[in-house]
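Residue numbers (our numbering), protein chains in the order written: chain A, 9 to 468; chain B, 9 to 468. A short worksheet on the structure shown next.
There are 2 protein chains.
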Amino acid sequence: MKKLLLAAALPLLATSASLPAQNPAQVAQLRDAALTDQVAWDITEGLTTEVGARMAGTPAEARARAWAVAKLRALGFANVRVETFDMPVWVRGEERVELLAPFPQKLVVTALGNSGATPARGIEAQVIGFESIQALEAASDASVRGKIVFVSHNMSRTQDGSSYGDFGGARRQGPSIASRKGAAGIVIRSIGTDYHRNPHTGGQNWAQGVRPIPAGALSLPDAEQLQRILKRGLPVTMRLTLTPRNIGIRQSGNVIAEVPGTNPNAGVVVAACHLDSWDLATGAFDDAAGCGIVAAAAKRVGEAGRPLRTIRVIWFGAEEVGLFGGIAYRDRHRDEKHAVIAESDFGADRVWRFQSNVSTAAQPVVDRIAHALAPLGIVKGATDEASGSDISVLTAIGFPTLELSQDGTRYFDYHHTPDDTLDKVDPAQLQQNVAAWTAMLAIAANAPVEFGPVPTRAGQ
Amino acid sequence: MKKLLLAAALPLLATSASLPAQNPAQVAQLRDAALTDQVAWDITEGLTTEVGARMAGTPAEARARAWAVAKLRALGFANVRVETFDMPVWVRGEERVELLAPFPQKLVVTALGNSGATPARGIEAQVIGFESIQALEAASDASVRGKIVFVSHNMSRTQDGSSYGDFGGARRQGPSIASRKGAAGIVIRSIGTDYHRNPHTGGQNWAQGVRPIPAGALSLPDAEQLQRILKRGLPVTMRLTLTPRNIGIRQSGNVIAEVPGTNPNAGVVVAACHLDSWDLATGAFDDAAGCGIVAAAAKRVGEAGRPLRTIRVIWFGAEEVGLFGGIAYRDRHRDEKHAVIAESDFGADRVWRFQSNVSTAAQPVVDRIAHALAPLGIVKGATDEASGSDISVLTAIGFPTLELSQDGTRYFDYHHTPDDTLDKVDPAQLQQNVAAWTAMLAIAANAPVEFGPVPTRAGQ
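Below you can see the structure in the form of structure tokens.
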């Protein structure tokens, strides 16, 4: 089937020989030149150093937007602008765990997003431990009521990051389950894979009608310490202090910049990342690097000659705390013609796979992209699945989507922890990302086919 | 020379064939059996789990002593006792660094031992950065006065840990130099080799007549962030908040346990570690593992048959904050006959080297020990140098000393940070330590020669 499609597509592709950055040799040249890129590093270094942590809806995120506008203009992008939106803001307070019995000691905790608050003096309760949220679900309400629930899991590293989906339920559903059962609070084993005393925060939303309770994450060494103590079989008493606050509605915004195309009717190609970070770190992996990668690649394609389609770089706001930026963009731009969308939001390690979810007619273009990526050690993955974080709300309404999958083996060592800092970024792998994005954008922005409609599939 | 000594010693060694654990085959058997040891792990796991952090002079260290006495008795040691002593106690308070300009953001800091305190609201001052304490020394007082000094360094990993000596001056002397020059405070790049947001605390003493100032350490990612910001060339303003307190004189103590020897006149063999830890972590590497290793090895030698000499296991108190336990022991026991002393206080990674500083007459015994250690992959190092932390005050007054050097390559990733937790201990490497100590103690406790006097050397 692939061969047939390739053969059918050849005449179409041949017509594009005069377009810039469309000829395979030109794409290869652009791709290889990007292996010495400095722009992505400059953006990653600049944003993490000159702004630092930039939690959505805070003054730090506003400084990040100002920084972004200035940077994108300086890089030569057109139509640089901020599209603002309002959102509810939750901010971290004090966070402490102290075991009072049987072995008095402090553990390291951080609040999960939207955690309820304890009084300033904390709450004291017996701890009941569960190996998984399934075990918590199965427990009687009576056994949990009034206690502080501890939920563990056995997440491992995966190259594609899929274990985050499998095990992240402890964070995403655990607090609501615990609250429903009458727990006084919950602490989970961080959704992460590193053994450092840096707990992993992250978003969670209370299920409908559920009362917010204090909800935190212990670092892995602390979670295993608590497990060892629970295994002794003596009653374990914890004082949990988490004093986050909901501070009401604040402004956030998406920063948008463009490489204008020659044909306004051809639809825009979106190259996205998110500008906000959690508050615990400077968000180098998550997601300053992504912003560096997509901007550097778009700039390179634009400098090679005006593309057929406009490339729209979007640095989304407020991703971490609930995709508010993606939703605001969708609501504002859903009727605008989008050719194809993609996002970089999985760190800065090498791209190892290319996936797509586009029209049947565009499969030859998918193959051309795959062929252009192969020298970077990138394999072709699914052609019926592609995703991104902010753009997931666009993929969900049928927007054709491309994906460059980054190696996630060490991503969950740093994800949402204080450790997500510039030193974790490997400049050579960052350059490989820019090269991959440059090749993909060059082909996608100039391809003389439509990427949509995405075929409707059974079960979707 | 070595061969001559060996020949001379042979008759002496031959007389010992009837002593337990002295025959090379018996030593080899004891050594190899120790490669499946569980006692060292049990002690390391138990002390770090059931006591946790145990800062000298605090109730936690007192709980550690009670735990230690019960454990050592349960293991069958004789003469288990605590020798108490008094010491001044400094305790940590709040610790925060906030950059106010040019790029507002928080950095992660921890106070160094004996740090002076800021007011509760912190101090605000301009930051002046130096690449080394040599550069700080060379600066004019006028350039430093009233500022917060930042001192960096370029410590690397070393197997023998010698870089700690070379670069630790930033912590040990930096604060006094900064105070002498009129600085308002000092933050150093942590004396460590890891890139996690866990700063390294550690002891430092104010030079004679120097006024204590607030003195902290930034994690490496934070130190490099500050360096990047300083390199921008704009004035950098910091709010530094450190509120530690000196709480006066408190009690600490050394826990002592023995394997009684057959000859009370033969002198004791000391196998030491330290029981206290810094307050930031459970002190698995530093030094619960050391206590596990020496106790497990002494127990094994004792169970093989009563040795010639008494093996005295000492779990020193108050090492981290100034060797108070070692000094108290020296003052109390200096006139007692000690055959030879050794300490394990460099983590739990494999022993790679054996060093000694003993009499010329004991060189054949040194060779026997080296021979017994060789199958564990341990090389023979210096015969005129051996050391340990607490026991350094005994080595300094001429006590014969043996040393099993542990691999320090990753030791300064965890040293004095919140990351020094049980998960860092590799059970197999811990067992190799026990095997090495078992062989060394078996030979040393039964050797029919005197380990002293240590030859006086030029320059010492």
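Where is the CB? At the ideal position from N, CA and C, for every residue including glycine.
Cβ pair residue i, residue j closer than 8 Å
{"i": "alanine 42(B)", "j": "threonine 446(B)", "result": "yes"}
{"i": "alanine 380(B)", "j": "valine 35(B)", "result": "yes"}
{"i": "tryptophan 360(A)", "j": "glutamate 328(A)", "result": "no"}
{"i": "proline 301(A)", "j": "valine 267(A)", "result": "The sequence as given places isoleucine at residue 301(A); proline does not occur at that position. Cβ atoms of isoleucine 301(A) and valine 267(A): not closer than 8 Å."}
{"i": "alanine 191(A)", "j": "lysine 155(A)", "result": "yes"}
{"i": "asparagine 213(A)", "j": "asparagine 122(A)", "result": "yes"}
{"i": "glycine 269(A)", "j": "threonine 118(A)", "result": "no"}
{"i": "leucine 107(B)", "j": "leucine 120(B)", "result": "no"}
{"i": "glycine 210(B)", "j": "arginine 179(B)", "result": "yes"}
{"i": "serine 352(A)", "j": "valine 462(A)", "result": "no"}
{"i": "isoleucine 377(B)", "j": "isoleucine 264(B)", "result": "no"}
{"i": "leucine 55(A)", "j": "cysteine 299(A)", "result": "yes"}
{"i": "isoleucine 141(A)", "j": "glutamine 181(A)", "result": "yes"}
{"i": "valine 77(B)", "j": "alanine 297(B)", "result": "no"}
{"i": "arginine 317(A)", "j": "glycine 385(A)", "result": "no"}
{"i": "alanine 279(A)", "j": "valine 218(A)", "result": "no"}
{"i": "aspartate 357(B)", "j": "alanine 64(B)", "result": "no"}
{"i": "leucine 412(A)", "j": "alanine 444(A)", "result": "yes"}
{"i": "glutamine 414(B)", "j": "phenylalanine 354(B)", "result": "yes"}
{"i": "asparagine 206(B)", "j": "aspartate 427(B)", "result": "yes"}
{"i": "valine 105(A)", "j": "valine 195(A)", "result": "yes"}
Sequence-distant residues of the same chain with beta carbon closer than 7 Å to residue i, five excluded per side
{"i": "valine 235(A)", "result": "First, the residue type needs correcting, since residue 235(A) is glutamine and not valine in the sequence shown. Excluding sequence neighbours, glutamine 235(A) sits near Gly137, Ser160."}
{"i": "alanine 15(A)", "result": "With a pLDDT of only 34 at alanine 15(A), under 50, the local geometry of the prediction cannot be trusted, and the value read off the model is given with reservation. Closer than 7 Å at Cβ, skipping near neighbours: no residue."}
{"i": "leucine 228(B)", "result": "Arg197, Ser198, Gly200, Asp202, Tyr203"}
{"i": "arginine 100(B)", "result": "Ala119, Pro252, Asp287"}
{"i": "phenylalanine 459(A)", "result": "Ala347, Val348, Val366, Ser367, Ala370, Pro408"}
Neighbouring residues, chain A, relative to residue i (Cβ below 7 Å)
{"i": "aspartate 427(B)", "result": "His204, Arg205"}
{"i": "glutamate 232(B)", "result": "Asp431"}
Spatial neighbours of residue i in its chain, beta-carbon cut-off 6 Å, leaving aside the 5 residues before and after
{"i": "histidine 409(B)", "result": "According to the sequence displayed, residue 409(B) carries threonine and not histidine. Once the five neighbours on either side are set aside, the close Cβ partners of threonine 409(B) are Ile349, Asn365, Ala394, Thr403."}
{"i": "valine 135(A)", "result": "Ile156, Phe158, Val244, Met246"}
{"i": "aspartate 45(B)", "result": "Ala304, Gln439, Val442"}
{"i": "arginine 165(B)", "result": "Thr201, Thr417"}
{"i": "valine 90(B)", "result": "Arg73, Gly261, Val263"}
{"i": "leucine 18(A)", "result": "Note that leucine 18(A) scores a pLDDT of 35, beneath 50, so its modelled location is shaky; the value from the coordinates is reported in the next line. So the list is empty, once near-sequence residues are dropped."}
{"i": "tyrosine 337(A)", "result": "Asn262"}
Beta bridge counterpart(s) of residue i as assigned by DSSP
{"i": "lysine 239(B)", "result": "The partner list for lysine 239(B) (beta bridge, DSSP) is empty, contrary to what the question assumes."}
{"i": "arginine 320(B)", "result": "Glu266(B), Val278(B)"}
{"i": "aspartate 392(A)", "result": "Asn365(A)"}
{"i": "valine 90(A)", "result": "Val263(A)"}
{"i": "asparagine 254(B)", "result": "Trp98(B)"}
{"i": "valine 387(B)", "result": "Arg361(B)"}
{"i": "threonine 247(B)", "result": "Residue identity check: residue 247(B) is arginine in the sequence provided, not threonine. Answer by DSSP bridge pairing, in chain order: Glu106(B), Glu132(B)."}
Residues near residue i in its chain [Cβ-Cβ closer than 8 Å; skip 5 each side]
{"i": "glycine 334(A)", "result": "Phe324, Glu327, Ser397, Asp398, Ile399, Ser400, Val401, Leu402"}
{"i": "isoleucine 5(A)", "result": "Because chain A is modelled from 9 through 468, residue 5(A) falls outside the range shown and cannot be assessed."}
{"i": "glutamate 102(A)", "result": "Ala128, Thr249, Leu250, Thr251"}
{"i": "aspartate 94(B)", "result": "Ile257, Arg258, Gln259, Ser260"}
{"i": "phenylalanine 332(B)", "result": "Ala64, Phe93, Met95, Ser260, Gly325, Ala326"}
{"i": "leucine 38(A)", "result": "Ala29, Arg308, Val309, Ala312, Thr446, Ala447, Ala450"}
Chain B contact residues for residue i, given Cβ-Cβ distances below 8 Å
{"i": "phenylalanine 111(A)", "result": "Thr57, Glu58, Val59, Gly60"}
Under 9 Å by beta carbon: chain A residues contacting residue i
{"i": "valine 244(B)", "result": "Within chain A, no residue comes near valine 244(B); the closest Cβ sits about 12 Å away, beyond 9 Å."}
Interface flag, residue i vs chain C, CB-CB below 8 Å
{"i": "arginine 236(A)", "result": "No chain C is part of this structure, whose protein chains are labelled A and B."}
Cβ-heavy atom distance, residue i to the ligand SAM, below 7 Å
{"i": "phenylalanine 324(A)", "result": "With respect to the ligand SAM, the structure shown offers nothing to examine, as it has no ligands at all."}
Chain-ordered neighbours of residue i on chain B, where CB pairs are closer than 9 Å
{"i": "valine 309(A)", "result": "Near valine 309(A) there are no residues of chain B at all, since even the closest Cβ is about 29 Å away, more than 9 Å."}
Contact list for residue i against chain B, beta-carbon separation under 7 Å
{"i": "valine 116(A)", "result": "Pro426"}
Chain-ordered neighbours of residue i on chain A, where CB pairs are closer than 8 Å
{"i": "proline 229(B)", "result": "Asp427, Thr429, Leu430, Asp431"}
Those runs of the alpha helix (DSSP H) which lie wholly inside the stretch 395-426 of chain A and span at least 4 residues: The stretch 395-426 of chain A contains these whole alpha helix (DSSP H) runs: 400-403, 419-422.
Let me know the beta strand (DSSP E) ranges lying completely inside the stretch 339-363 of chain A, each 3 residues or longer, listed in chain order. Within the stretch 339-363 of chain A, the complete beta strand (DSSP E) runs of at least 3 residues are 346-351.
Go through the stretch 94-171 of chain B residue by residue and report every complete run of the alpha helix (DSSP H) that reaches 4 residues or more, in order. With a minimum length of 4 residues, the continuous alpha helix (DSSP H) runs that stay inside the stretch 94-171 of chain B are 141-146, 149-152.
Tell me the start and end of each unbroken alpha helix (DSSP H) in the stretch 190-229 of chain A that is at least 4 residues and wholly inside, in chain order. Fully enclosed alpha helix (DSSP H) runs of 4 or longer: not present.
List, from N- to C-terminal side, the alpha helix (DSSP H) runs of 4 residues or more that fit wholly inside the stretch 42-84 of chain A. You should have 47-58, 67-82.
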